[in-house]
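Numbering (the UniProt record's numbering), first residue to last: 1 to 447.
Here it is, written out as structure tokens:
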């Protein structure tokens with residue numbers, strides 16, 4: 001009986017089984033991964049954070065296109081539309097329908113964007129509930145997923161995480177990649193540092209390789225060569241006898257064979273002989289290589305410079321260099337460039353400058369009176385009324401004070417509000433603590 005009880009206690013609980021990505025897309029600067037497990041918004045955000053990432057932000061058309069291709073390539077258990085969380089949410093009473101994000105904030109803390117794709121042209125009339133955004137994706141539609149907003153205690157069909165990294169290894173082709181954020185079936189163009197690639201090498205034991213730091217400061221696979229090279233060269237069959245006619249290595253592929261050469265040498269035009277490899281053939285350059293006589297020189301893309309090791313590239317932080325970025329207020333460094341941002345209460349002019357936003361022109365900002373000032377605004381009440389704790393509402397003097405501005409909201413209050421809204425199948429009652437505010441005077445944060 002004790003053994004049976006111990007066995008039951010050791011079984012994994014369904015709620016504790018870690019989510020795994022069904023697909024991922026990676027570049028030298030990061031990965032986006034799709035997790036098809038149904039989760040409420042808060043649990044989806046925590047899942048991404050626990051793996052070292054965040055819910056995906058789509059602030060630029062390139063980021064949106066990358067996520068759209070990820071969703072198109074991901075396996076689907078059944079046809080029909082699917083909804084996947086991204087990192088965009090809005091606090092109660094923070095509607096700004098005239099701004100691109102309509103008062104929503106990225107979970108990374110920014111409020112700027114160069115891209116939107118709202119499913120509805122008009123923002124919902126109700127502004128009292130917190131809401132969040134999911135991508136509405138239809139397989140085979142060949143159009144960018146639309147942004148669908150709603151209240152969110154009910155789970156979406158999944159969520160998209162973004163993981164940033166500064167070093168990556170090139171793909172090894174068809175393999176299973178155990179990345180820091182989960183196991184992903186190949187192929188991938190790049191994989192982050194710490195990934196283990198596993199592949200089958202014919203009838204032998206499966207081979208594996210680790211993406212790790214080298215002694216020279218670069219990142220590469222260990223072992224460095226193709227994991228199946230030795231097994232392929234020694235495989236019996238086509239390569240028996242005269243080594244398949246190959247000068248160095250013979251690789252038996254089953255129905256045929258190919259010749260290969262040892263490290264530092266290259267296959268000649270006859271497909272059998274080997275000679276010295278061109279300088280850039282097996283170069284250790286992170287980005288690009290230029291041949292110079294019998295040697296080579298490593299090159300870096302725009303916005304990067306060659307590191308001291310002469311092989312890897314490091315990003316240039318234009319925000320930290322004098323005269324590097326013409327941003328009036330805030331500068332955000334990005335791989336290969338930078339982005340100018342404005343503090344809360346200001347809007348960008350597209351040329352690095354920031355102008356004041358008159359929040360008092362937005363409907364519903366204050367219940368009674370609003371005063372705009374540079375970078376913010378303040379609500380006031382008429383004589384006989386007093387400002388409530390949310391900094392927006394007014395109530396008669398002496399009336400019982402309303403609830404303070406705090407989340408989560410009572411479930412019964414959410415249910416009453418949801419009955420008045422359409423398409424409320426995505427319920428939500430949370431925001432990251434660093435985005436919340438109960439101040440009565442809305443001022444931009446300091447530098």
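All C-beta atoms, glycine included, are put in the ideal place defined by N, C-alpha and C.
I think residue i touches residue j, with their Cβ atoms under 8 Å apart; what is that distance to the nearest whole Å?
i           : j           : result
residue 84  : residue 158 : 5 Å
residue 133 : residue 89  : 7 Å
residue 195 : residue 213 : Not a contact, Cβ separation roughly 13 Å.
residue 295 : residue 316 : About 25 Å; that fails the 8 Å criterion.
residue 169 : residue 220 : 6 Å
How long is the line joining the alpha carbons of residue i and residue j, rounded to whole angstroms?
i           : j           : result
residue 339 : residue 113 : 10 Å
residue 56  : residue 241 : 56 Å
residue 189 : residue 371 : 53 Å
residue 359 : residue 111 : 15 Å
residue 378 : residue 300 : 49 Å
residue 312 : residue 28  : 12 Å
residue 121 : residue 99  : 12 Å
residue 320 : residue 342 : 17 Å
residue 40  : residue 86  : 12 Å
residue 118 : residue 143 : 13 Å
residue 385 : residue 102 : 29 Å
residue 415 : residue 127 : Residue confidence is low: residue 415 scores 46 on pLDDT, short of 50, so the model does not pin down where it sits. Its coordinate-derived value is still stated next. Answer to the nearest angstrom: the Cα atoms are 15 Å apart.
residue 353 : residue 347 : 8 Å
residue 430 : residue 156 : The predicted position of residue 430 is uncertain, since its pLDDT is 34 and thus under 50; a value taken from the coordinates is nonetheless stated next. Straight-line Cα distance between these residues: approximately 15 Å.
residue 307 : residue 297 : 12 Å
residue 271 : residue 67  : 41 Å
residue 260 : residue 200 : 19 Å
residue 173 : residue 355 : 49 Å
residue 394 : residue 363 : 16 Å
residue 154 : residue 215 : 49 Å
residue 244 : residue 74  : 41 Å
residue 53  : residue 33  : 10 Å
residue 76  : residue 314 : 38 Å
residue 419 : residue 97  : Its pLDDT being 45, under 50, residue 419 is placed unreliably in this model, and the coordinates cannot settle the point.
residue 197 : residue 265 : 25 Å
Quick one: using the 10 Å Cβ neighbour count with 16 as the cut-off for buried, is residue i buried or exposed?
i           : result
residue 305 : exposed
residue 368 : exposed
residue 357 : buried
residue 397 : exposed
residue 94  : buried
residue 448 : Since the displayed the chain opens at 1 and closes at 447, residue 448 lies outside it and no answer follows.
residue 107 : buried
residue 47  : buried
residue 290 : exposed
residue 382 : exposed
residue 207 : buried
residue 20  : exposed
residue 286 : buried
residue 388 : buried
residue 130 : buried
residue 263 : exposed
residue 44  : buried
residue 407 : Note on residue 407: pLDDT 37, under 50, position unreliable in the model; the coordinate value appears next. So residue 407 ends up on the exposed side.
residue 318 : buried
residue 69  : exposed
residue 376 : buried
residue 293 : exposed
residue 351 : exposed
residue 222 : exposed
residue 24  : buried
Per DSSP, which one or two residues make a beta bridge with residue i?
i           : result
residue 379 : 370
residue 222 : 210
residue 193 : None; residue 193 has no bridge partner.
residue 346 : 356
residue 133 : 149
residue 304 : 315
residue 165 : According to DSSP, residue 165 bridges with nothing at all.
residue 393 : Answer by DSSP bridge pairing: none, since residue 393 is not bridged.
residue 174 : Residue 174 pairs with nothing; no bridge assigned.
Out of the options, state which residue places its alpha-carbon closest to the alpha-carbon of residue i.
i           : options               : result
residue 137 : 244, 81, 173 and 172  : 81
residue 71  : 335, 160 and 164      : 160
residue 31  : 156, 150 and 180      : 180
residue 49  : 170, 163, 34 and 103  : 163
residue 391 : 270, 292, 365 and 302 : 365
residue 116 : 185, 96, 146 and 246  : 146
residue 284 : 150, 310 and 26       : 310
residue 275 : 198, 249 and 97       : 249
residue 104 : 148, 61 and 74        : 148
residue 268 : 251, 252, 246 and 211 : 246
residue 349 : 373, 329 and 96       : 329
residue 135 : 198, 65, 280 and 96   : 65
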